[in-house]
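Using the working numbering, you'd call the opening residue of the sequence shown number 604 and step up by one each time.
Don't be surprised by glycine CBs; every beta carbon is placed ideally from N, CA and C.
Every value quoted in this text rests on a predicted model; they were computed, and no experiment measured them.
Heads up, the thing below is written out as structure tokens.
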Amino acid sequence: MSAGTGESGEGGTSTAVRNTIAAGTGTGCGCLLSPLALLGTLVVIIIIGGFGVLLAPLIALILLFSGGGGDGSAGADDVDEVIAVFNGDGGGELDPSTVPEDLVEPIEEAGDLCGAIGPVVIASQIERESGFKGELVGENGEEGISQLPPEVFEKYGEDDDGNDETSAFDAEDSIMAQGRHLCDLAGQAQRMTDANEATGSVLDLALAGYHVGMDAVRAAKGVPQTNEAQGYVLAVRAQFAKYAGVAAPPPGATPGVTPGATAGVAPGTDQNPTASPSASAASGD
């Protein structure tokens with residue numbers, strides 16, 4: 604099962620988590636879940652413990668209780684909304700206050716390139732890849748804010764910012780290349796699911812393809828059942844509520860950065876903040 608699709612046992616877990624958290628807030632115990640730093644620790648425990656798929660909605664709830672409403676309080680309706688966004692398709696409008704002001708337009712443009720990938724997905728993935736650091740160079744040579752390998756950026760990169768230079772270190776060029784690449788991967792994923800060659804949501808397959816390559820997705824006939832692949836999809840989905848404006852960051856938070864989480868690192872997966880082994884992601888031409 605694809606991470607975060609809401610199929611199989613995840614629905615039951617979502618209900619249990621919702622009821623537990625709602626009960627806590629009703630008795631004044633919601634404050635125990637307020638520090639956003641709990642997110643990193645929780646994901647480490649969940650993913651390393653092998654419970655990432657079943658307990659994924661709990662991560663979205665931590666985001667809600669740490670920032671939603673601004674005062675750390677939330678009710679059952681809020682929990683339901685966060686879970687729905689977590690399990691959704693990443694569509695809808697981007698909350699512009701959640702990303703750096705100069706990146707709002709390129710993120711929205713990249714998220715409008717195809718129906719399968721929205722701006723919320725683009726922003727959430729950027730946080731996972733680089734923590735919005737445009738000059739980042741990955742351990743395996745990935746470059747820029749979207750951490751694309753040079754060969755992938757060469758295929759999808761254009762001079763989108765109009766400065767007569769196409770560079771992975773130009774944030775707009777990188778983000779638009781990210782959007783084109785994701786749309787290509789989503790198209791491949793759609794063809795795979797249409798031909799019954801893979802199961803899972805098109806979005807999850809595309810995200811996994813971005814991180815571990817579409818060859819691995821094809822071989823697994825879905826999102827590979829590994830902590831690396833499942834954890835990556837989960838980590839991106841965990842940010843959907845924030846960038847959709849459902850679980851707003853606390854006052855004073857830096858746009859594009861989740862307080863308490865190491866920028867660019869998916870807690871519980873690899874600890875290299877820049878590595879995104881997507882060298883084979885473009886192999887499904």
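Residue i burial status per 10 Å Cβ neighbour count (16 or more: buried)
| i | result |
| --- | --- |
| A841 | buried |
| A774 | buried |
| A864 | Residue placement at A864 is poorly supported in this model, since its pLDDT is 41, which falls under 50; the coordinates still yield a value, given next. The residue is buried, with at least 16 neighbouring Cβ atoms inside 10 Å. |
| A798 | exposed |
| A719 | buried |
| Q833 | buried |
| D818 | exposed |
| F668 | Annotation note: pLDDT 46 at F668 (below 50); position unreliable, no value reported. |
| A822 | exposed |
| Q781 | buried |
| Q828 | exposed |
| D776 | buried |
| E745 | buried |
| V820 | buried |
| A677 | The predicted position of A677 is uncertain, since its pLDDT is 48 and thus under 50; a value taken from the coordinates is nonetheless stated next. Classification for A677: buried. |
When the options are compared against residue i, the one with the closest alpha-carbon
| i | options | result |
| --- | --- | --- |
| V836 | N690, D683, E684, V682 | N690 |
| I748 | E742, N799, E757, R731 | R731 |
| V702 | I729, P827, Q750, L739 | I729 |
| V815 | K758, N743, G760, I686 | N743 |
| V826 | T796, K845, V849 | T796 |
| L739 | A771, A726, C786, G803 | A771 |
| V755 | K736, E768, L785 | L785 |
| K736 | D705, S804, G760 | D705 |
Beta-carbon spacing of residue i, residue j below 8 Å
| i | j | result |
| --- | --- | --- |
| I778 | A713 | yes |
| L716 | R783 | yes |
| F843 | V707 | no |
| K824 | A847 | no |
| G721 | G693 | yes |
| V682 | V849 | no |
| Q750 | G741 | yes |
| I710 | I686 | no |
At least 3 beta-carbon pairs within less than 8 Å: the stretch 809-818 vs the stretch 781-797: Look at the beta carbons and you see the stretch 809-818 touching the stretch 781-797: at least three pairs across the two are nearer than 8 Å.
Stretch-stretch touch, CB-based, cutoff 8 Å, three pairs: the stretch 756-772 with the stretch 695-703: They do not touch, by the three-pair rule.
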